[in-house]
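> Have a look at the structure that comes next, please.
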Amino acid sequence: QVRLVESGGGLVQPGGSLRLSCAASGSIFGFSAMGWYRQAPGKERELVARITRGDGTNYADSVKGRFTISRDNANNTVYLQMSSLKPEDTAVYYCNIHYAWGDDDWGQGTQVTVSS
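Each residue of the sequence shown is one higher than the one before, starting from -17 at the first, in this note's numbering.
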């Protein structure tokens, strides 16, 4: 069983930056992508950014140009650098690993609040 541990969330003012980290313990053999999702109150969980095994990336339109996803293969860690944060970025952010056979592992979530 893979355990995903997220860190880096918190309270930040509009226009500020945060960096989320997600470290995977255990083997992630067979993964096809690692990514970040978020869920705001009253809304469905949505994809924020994803990086594939081949280092391809894709982003939600709402975060393009502001967020950057990256991965440290040696440490099974995925990062989300968030800049120019807006109040509408406020949500619980979840780390995800998607496997080639269709399964997913999820982190416990980390709260990001953008407010003055």
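Every residue gets a Cβ at the ideal spot worked out from N, C-alpha and C, and that includes glycine. Given the structure is predicted, the values throughout are model-derived calculations rather than measurements.
The beta strand (DSSP E) with Asn40 in it runs from where to where?
Thr39 to Tyr41
> Any contact of the stretch 4 to 15 with the stretch 72 to 80, i.e. 3+ C-beta pairs under 8 Å?
yes
> If you draw a straight line from the alpha carbon of Lys25 to that of Asn57, how long is it in whole angstroms?
32 Å
> Hey, which unbroken runs of the beta strand (DSSP E) at 3 residues or more fall wholly within the stretch 20 to 89?
28 to 34, 39 to 41, 49 to 54, 59 to 64, 73 to 81 and 86 to 88
> Using a Cβ cut-off of 9 Å (strictly closer), state whether Phe11 contacts chain B.
No chain B appears in the structure shown, which is made up of a single protein chain.
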